[in-house]
Amino acid sequence: MKKRKLTMVALAILTVLASCNNQPTEQTTETQTTAASGTYTIDAAASTVKWKGVMLGVKEHFGTVNLTQGILTVENGSVKEGSFTVDLNTITPTDANYDEKSGYGKEKLVAHLSSPDFFDVANFPSATFVIENVNGAEATGTLTVRGKSNTETVKNISVAEENGTVKATGTLTFDRKKYGVAFDMPMKDMVISNDIELTVELNGTKN
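For the sequence shown, the tail end lands on 312 under the working numbering, and the numbers increase by one without skipping.
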């Protein structure tokens, strides 16, 4: 009799546990959705362009540059067209490959990048990219640097809408020498890569 009672108690406990396990779990609400079709004005302050340049075999420098304006048209959750402009007066290194004691600091790098050796910012203070064709997660368009324009491709494009703001990201790598950024190190064992890598994040609100 005692054994039967214990069995019944055990079954009751298992039934309660099973009913608890079958309770609906709390669902987390996803705020990121497919971006609605339309035209978005880019918020320059909330957007970023990250850059990276490499001195082969020695070090790499990377940092940010600010946007001044941009616009993006989305159709069926994908980028259809758009453009953005960056202010080359805002080149800001964020890496740690500097030696202040020897006189090679961030300020010296910025001054050199801003000089005619590189971007000649005094005469060409901005750079622009205008989308001309989109194919899946890639967009080709015209990049203009130092007054020179060439066709380039933004890859790995991702677009989503989060809390009413569209967010578009992508990567662009370009050959600096096609734009007259032709400086080379005087020492043969210190070669600056011709490629400059950009990671773009555009955030904007619908017009």
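Beta carbons: idealized from backbone N, C-alpha and C, even for Gly.
Here the structure is a predicted model, which is why all the values come from computation and not from measurement.
Check	Outcome
When the Cα atoms are used, what is the spatial distance from serine 220 to phenylalanine 189?	23 Å
Measure the CB-CB distance between glutamine 274 and leucine 307 and report whether it falls below 9 Å.	In the sequence under discussion, the amino acid at residue 274 is threonine, which differs from the glutamine named in the question. Yes, they are a contact pair.
Whose CA, out of Thr169, Ile147, Gly182 and Gln174, lies closest to the CA of serine 263?	Gly182
Which first and last residues belong to the beta strand (DSSP E) in which alanine 216 is found?	From DSSP, alanine 216 is part of no beta strand (DSSP E) but of the alpha helix (DSSP H) over 211-219.
Below 8 Å, how does it come out for the segment 250-260 and the segment 276-290: are there three or more Cβ pairs, yes or no?	yes
Could you check where the beta strand (DSSP E) with proline 198 kicks off and where it finishes?	183-198
Smallest Cα separation from valine 250: which of Arg281, Lys164 and Lys272?	Arg281
Return the chain-ordered list of same chain residues with a C-beta closer than 8 Å to the C-beta of valine 184, the five sequence neighbours on each side being excluded.	Leu177, Thr178, Ile236, Val239, Ala244, Ile262, Val264 and Ala273
With which residues is lysine 157 paired in a DSSP beta bridge?	Phe167 and Glu302
Can you check whether the CB of leucine 193 is closer than 9 Å to the CB of phenylalanine 224?	yes
Give the C-beta separation of glycine 246 and phenylalanine 229 to the nearest angstrom, bearing in mind that I take them to be a contact with Cβ-Cβ under 8 Å.	No, glycine 246 and phenylalanine 229 are not in contact; Cβ-Cβ is about 19 Å, not under 8 Å.
Go to alanine 149, then tell me how far its beta strand (DSSP E) extends in each direction, as first and last residue.	Segment: none, alanine 149 is in no beta strand (DSSP E) and carries neither H nor E.
List the whole-angstrom C-beta distance separating threonine 146 from threonine 169, where the pair is believed to meet the contact cut-off of C-beta under 8 Å.	With a Cβ gap of about 21 Å, threonine 146 and threonine 169 do not count as contacting.
Helix, strand or coil for serine 231, going by three-state DSSP, please let me know.	strand
Between Gln174, Ile301 and Thr139, which lies nearest to alanine 150 when the distance is taken from Cα to Cα?	Gln174
With DSSP run on the structure shown, which of helix, strand or coil describes leucine 307?	strand
I need the DSSP call for serine 254, collapsed to helix, strand or coil.	strand
Identify the continuous beta strand (DSSP E) that holds alanine 273 and give its terminal residues.	270-280
Between the alpha carbons of leucine 303 and valine 271, how many angstroms are there, rounded?	20 Å
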